[in-house]
Amino acid sequence: MDRVEVRTRFAPSPTGFLHIGGLRTALFEFLWAKKNNGKFILRIEDTDQARNVPGALENIVQTLTDFKLNPDEGFYWDGVVLEKGDRGPYLQSKRLGLYKKYAEDLVNRGNAYYCFCSQERLTALRSEQTAKKIPPKYDKLCLKLTKEEIQNKIKNNEPKVIRLNVPPNQQIRFTDLVHGQIEISTNDLDDQVLLKSDGFPTYHLAVVVDDYLMGVNYVIRGEEWIPSTPKHILIYSSFGWELPKFAHLPLLLSKSRKKLSKREGDVAVKDFLEQGYLPEALLNFVALLGWNPKTEQEKFTLDELIEEFSFEKLNKSGAVFDLEKLDWLNGVYIRELKIEELHLRLLPYLTETFTEFKKYPKEFLFKIIALEQGRLKKLSEIGERVRYFFSEPEFNPELLRWKKMNNEEIKQSLSDAKKIISNFEFQISKQEIEKKFLDELTGKDKGSMLWPLRIALTGLKASPGPFEIMEAFGVLPNGREIILSRIKKALSRFR
RNA sequence: GGCCCUAUCGUCUAACGGUUAGGACGCACGGUUCUCAUCCGUGUAAUCAGGGUUCGAUUCCCUGUGGGGCUGCCA
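Position 200 (the first sequence) corresponds to 927 in the working numbering; numbering is contiguous.
Following this line, the structure appears as structure tokens:
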């Protein structure tokens, strides 16, 4: 059975950093291609010169690679942005000749026409229409131009665009893989500009021409494109091209239930990565927004997503992008990392906080990372959390107040600890340390007696337990001295 | 204003037309011989409204309402 190869594409504009919504769209496009052993293409739609942002292309391509959503064709990242595939170029600004050719072809077929109207006229027309509460649409004035008039205007170099000639009174119907049947009347469609006066195409022309030329047969994109899909269908039909399948994904919404956008703040994928969300977790999370496996499974690897993905499992309504569950999921992923791997991923954050931390033995670093592994929600939290290992904390007796310990008890506890620690072979396991303490601590409530010690060691209200901390210090040659100095310092507060 | 999409706990979401409307996050409480975290357990909380169709609607249809999107020589 020879089936047509499934070809999907992600086609962002390089107008800024890749954002969460784009990542999810790219993911679903990738999943569908991979599930069908097809091809995933990365095409860049830089047709609006005014909005192009330097560096955006690099960011998009690189970020996709961070998530292992590697394109089979188009742009990809290998230290620099590279391009591959035999249907390129995959940058629309390099395909201007094609769009011009197809636009003129459309004119010759009578499905498009030249328009010479000025911005002023269009603005006036629009405000007149909105004032009358009728839908703003171009009035097809330039369609009335004779061949000669058009030739003259072109000869005189008058600014011109090419508009789609939308026929009246037609119902455009298409089947959306997510939403089912959708029907829109051509009476509600405007004579969309296809080729701008600067020679660049608009999205509507470029997307159709490129999807056709690149063999894209599944158009998967955000729901905001539903209203313009009929225009695209009109163009496909004018050329007699076979329609792709359409799948319009439910929108990602901000907490205020608006379409997620750059304006809504923190949506750049790059920012999430920098805060220390793991790509695996972020991808897993974003996959579950608008899609579900119909089972109770929450954790998915990329391969599992490929295996499980289908359009029937997509849902139709927008999903709020809410960070709480992401934090939880990220914590789950962090906990599952091997210490060596976690250490590697933490390195940039540790370097940021403690420039000299590399002088410490790896064994020590592994130990303190293991201590915090269960507590981290984001990698970026590591610096604050392990600070007390690298610099002596303040002893704050206030932290003991709620324990209702009096000064005598605190002093007792600390001097007991001092004695115990001074007296044993230090490089021993946590269990041994713990046993020593439980054997030798005086005081009735041994649990409470450990509080002052922990506070002396960390200066924190919440932290790993004192035995684990001491075990970690035990790795250092001067570990005992560090601990004793902290206890002495704490004790000095009670003299 | 017009057109389109959409509607289950606070959030993400399950539920051949028949379920005590399920799970996850969050939150609360309890357990895990110190705190925090982890882990475990318990609890909390929803079918937008009104009409139909049906023996029976979360589910199908209609109307309304809410939410969202589009309505650019932006994408």
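Don't be surprised by glycine CBs; every beta carbon is placed ideally from N, CA and C.
Asked	Found
What would DSSP say about LYS1163, mapped onto helix, strand or coil?	helix
Going along the chain, which residues of its own chain have a beta-carbon closer than 8 angstroms to the beta-carbon of LYS1094, five neighbours each way excluded?	GLU1198, ALA1199 and VAL1202
Can you name, in chain order, every residue of its own chain whose Cβ lies under 7 angstroms from the Cβ of VAL808, other than the five neighbours on each side?	LEU784, GLU785, VAL788 and PHE802
Threshold first: 3 residues or longer. Then list the beta strand (DSSP E) segments lying entirely within the region 884 to 926, N to C.	888 to 891, 898 to 903, 907 to 912 and 920 to 922
Can you look up LEU796 in the DSSP assignment and give me helix, strand or coil?	coil
Tell me which residues share the same chain as ILE1210 and place their Cβ nearer than 8 angstroms to its Cβ, disregarding the 5 neighbours each side in the sequence.	ILE1148, LEU1184, MET1197 and PHE1200
From this set, LEU1141, GLN1002 and SER1190, which residue's C-alpha is nearest LYS1215's C-alpha?	LEU1141
Straight-line CA distance for ARG890 to HIS1070?	57 angstroms
Based on the DSSP secondary-structure assignment, which residues constitute the bridge partners of ARG751?	According to DSSP, ARG751 bridges with nothing at all.
Among GLU951, ARG900, ASP832 and LYS887, which has the Cα closest to the Cα of VAL920?	LYS887
Where ILE771 and LYS874 are concerned, what is the direct C-alpha to C-alpha distance, given to the nearest angstrom?	36 angstroms
Beta-carbon separation of ALA1046 and PRO977 under 8 angstroms?	yes
If I measure Cβ to Cβ from ALA738 and keep anything under 6 angstroms in the same chain, skipping five residues before and after, which residues do I get?	ARG770 and GLU772
Can you tell which of LEU1187, ILE1160, LEU1177 and LEU1165 has its C-alpha closest to the C-alpha of ARG1207?	ILE1160
Going by Cα to Cα distance, which pick from LEU1050, ASN1057 and LYS1040 is closest to LYS982?	LEU1050
Please state the DSSP three-state secondary structure of THR735.	strand
Can you look up LEU987 in the DSSP assignment and give me helix, strand or coil?	coil
Is DSSP giving ILE1209 helix, strand or coil here?	helix
Please name the residue in HIS906, ASN1134, GLU969 and GLU1108 whose C-alpha comes closest to that of VAL936.	GLU969
Quick one: what does DSSP say VAL1202 is sitting in, helix, strand or coil?	coil
By DSSP's criteria, CYS842 is part of a beta bridge. Which residues make up the other side?	VAL888
Rounded to whole angstroms, what is the Cα-Cα separation between GLU810 and PHE1116?	47 angstroms
Hey, would you say LYS761 sits closer than 8 angstroms to ILE1096, going by beta carbons?	no
How should MET728 be labelled, buried or exposed, when 16 other C-beta atoms within 10 angstroms of its C-beta is the threshold for buried?	Below a pLDDT of 50, predicted positions are generally treated as unreliable, and MET728, at 47, falls in that range; no measurement from the model is reported.
Would you kindly report the start and end of the unbroken alpha helix (DSSP H) that includes ARG1112?	1109 to 1117
Buried or exposed, going by whether 16 or more other CB atoms sit within 10 Å of the CB of ASN914?	exposed
Quick one: grab the DSSP three-state call for ARG948.	strand
Given that a residue counts as buried once 16 or more other Cβ atoms are within 10 Å of its Cβ, and exposed if not, what is VAL905?	buried
Would you mind listing the alpha helix (DSSP H) stretches within the region 843 to 885 that are 4+ residues and don't spill past its ends, in chain order?	846 to 858 and 874 to 882
Quick one, are the C-beta atoms of VAL943 and ILE768 less than 8 angstroms apart?	yes
So the beta strand (DSSP E) GLU810 belongs to, where does it begin and stop?	808 to 811
LEU922 and ALA830: beta carbons closer than 8 angstroms?	yes
Would you say the region 773 to 783 touches the region 1014 to 1033, given that touching needs at least three Cβ pairs under 8 angstroms?	no
Can you name, in chain order, every residue of its own chain whose Cβ lies under 8 angstroms from the Cβ of GLY722, other than the five neighbours on each side?	As displayed, the chain neither begins before 728 nor continues past 1222, which places residue 722 out of reach and without an answer.
As a quick exercise: from ILE899, ASN1042 and PRO1020, pick the residue whose alpha carbon is nearest that of SER964.	ILE899
When the Cα atoms are used, what is the spatial distance from PHE1164 to ASN1057?	36 angstroms
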